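Below: the structure, in C-alpha cells.
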C-alpha cells in the first residue's frame, strides 16, 4: 500500500481527469472556477460515452458548489 497526498499530485493540467477531480477537492477556493473549467473541457474532449461525460461534469459541479457553500457557511440557490 502506498500513501498518496492530494496536494502532492502536481499541477492540475498534468493530471488525468480522474486525478484532477480528486485534486479539485483540496483546491483553494480562489482557483476552483478556473481549475473546474479546465477539467470540464478535458472531460468533454475525452473518449467517454455521453452518460459518463455528463456524470463527471455533474461531479465537478458538485465539488465546486461544495467549495462555495463551505466558504459562505450556507447553501447557495445556484448550487
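Numbering (the working numbering), first residue to last: 6 to 84. The beta carbon of each residue, even a glycine, is placed where N, CA and C say it ideally should be. Small disclaimer: the values here were computed from a predicted structure and weren't measured.
Do residue j and residue i come within 7 Å of each other at the CB atom, strictly closer than that value?
i          : j          : result
residue 41 : residue 65 : yes
residue 44 : residue 25 : yes
residue 48 : residue 58 : yes
On the three-state DSSP scale, how would you describe residue i?
i         : result
residue 8 : coil
Taking the alpha carbon of residue i as the point to measure from, which residue in the options has its own alpha carbon closest?
i          : options    : result
residue 72 : 61, 34, 60 : 34
residue 70 : 30, 13, 55 : 30
residue 21 : 38, 7, 52  : 52
Excluding the 5 residues flanking residue i on each side, which residues of the same chain have their C-beta closer than 7 Å to its C-beta?
i          : result
residue 62 : 45, 48
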